[in-house]
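What follows is a short report on a single structure.
Below you can see the structure in the form of structure tokens.
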């Protein structure tokens, strides 16, 4: 497992052979996945999907989103005023194609994203759908599709992640309506049982912030179906401090020449904001304590000294 050899075609429906991906940047969001995508896209031996986030593999999240929005529409449809009561935030989503919002649902459409790949030149065909790390089924689906796949996982300190992903959801693209990170975290127990979930989210998990920050649970799903040698971990802190060395390490993982110095490694999809929202120092400390066991376990699973790097200490 994990060899650099590439099987480039798959039979879909008919006998037509088509290029297929074997490289997957699976998350986490707001951890440098866009920068990594653009870096790899510049490499002559890599073909990256022109759509960065096809979201094909996370079919469970897509289904939960469709179910959530169908229920939401039905509630308004059978009200006295009908669909006119739908909030404007939901109506705005109708201008987006379904694949832009919930992902590409059909394998045939997904594979078409790689149709321009050149088997003589491209050793790796990849995409970067950070929702895959959240999904409970993506790891198994990718493994069944391409057992020899290489998986790239980008991570960052969990509390900083919470603040960054909350800012992202407030951008209007994803649909959070609660501007206070403190309040959004307080709402999470209700949201997990279907209450007070903003109508414009792609799917409810979008606002399950604490669950998103449990990186150990998400990575374990990939380690169940892939050998550890097939996974490469990137810390956002390393990517920010030394992008050349970080991308060169990724290229080495892919058995490619380490040419990061020749690539445009400017940070991508950066909000321009930082900080931990409206959380107090005491609340940050409480969150870090709550996430300590997850970080300890993450360190064991990845072999990376993330506890020390992120200030959580060594595993207990």
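In my numbering, the protein residues as written are 5 to 320.
C-beta atoms are modelled at their ideal positions from N, C-alpha and C, and glycine is treated no differently.
It should be emphasised that the depicted structure is a prediction, and the values quoted were computed from it without experimental measurement.
Judged by DSSP in its simplified three-state form, residue 132 adopts strand. Nearest C-alpha to residue 306 among 121, 209 and 156: 156. Straight through space, the alpha carbons of residue 181 and residue 70 are spaced by roughly 19 Å.
Taking 7 Å as the cut-off, the Cβ atoms of residue 35 and residue 240 count as close. Shown here, residue 298 sits in a helix according to DSSP, grouped into three states.
With three or more CB-CB distances shorter than 8 Å, the segment 41-58 counts as touching the segment 128-135. Leaving aside the five residues that flank residue 251 on each side, the residues in its chain whose CB is nearer than 7 Å to its CB run, in chain order, 43, 264, 267 and 269.
DSSP places residue 260 in the coil class of the three-state scheme, outside both helix and strand. Annotation for residue 159: the continuous beta strand (DSSP E) segment containing it runs 154-159. Between residue 167 and residue 185, the C-beta spacing is below 7 Å.
Taken through DSSP and simplified to helix, strand or coil, residue 22 comes out as strand.
Between the alpha carbons of residue 159 and residue 217 lies a distance of about 10 Å. Approximately 21 Å separates the beta-carbon atoms of residue 61 and residue 127; this is outside 8 Å, ruling out the contact.
Contact check for residue 119 and residue 23: beta-carbon distance about 7 Å, within the 8 Å limit, so the pair qualifies. DSSP, read as helix, strand or coil, puts residue 239 in strand. By the CB criterion at 7 Å, residue 115 and residue 66 fall outside the cutoff. Here residue 192 is near residue 214, since their CB atoms are less than 7 Å apart.
Secondary structure at residue 201: coil, using DSSP grouped into helix, strand and coil.
Beta-bridge partners assigned by DSSP to residue 51: 129.
One Cα belongs to residue 32, the other to residue 234, and the distance between them is close to 17 Å.
CA-CA distance, residue 173 to residue 253, rounds to 31 Å.
Take the alpha-carbon of residue 45 and the one of residue 242: they are about 20 Å apart.
Going by beta carbons, residue 220 and residue 139 fall outside the 7 Å limit.
When the beta-carbon positions are compared, residue 237 and residue 308 come within less than 7 Å of each other. For residue 44, no beta strand (DSSP E) run applies; the uninterrupted alpha helix (DSSP H) run containing it begins and ends at 37-45, by DSSP.
For secondary structure counted as the alpha helix (DSSP H) over 4 or more consecutive residues, the segment 209-237 holds these complete runs in sequence order: 213-216 and 219-229. Under the 10 Å beta carbon count, residue 175 is surrounded by fewer than 16 other beta carbons and is classified as exposed.
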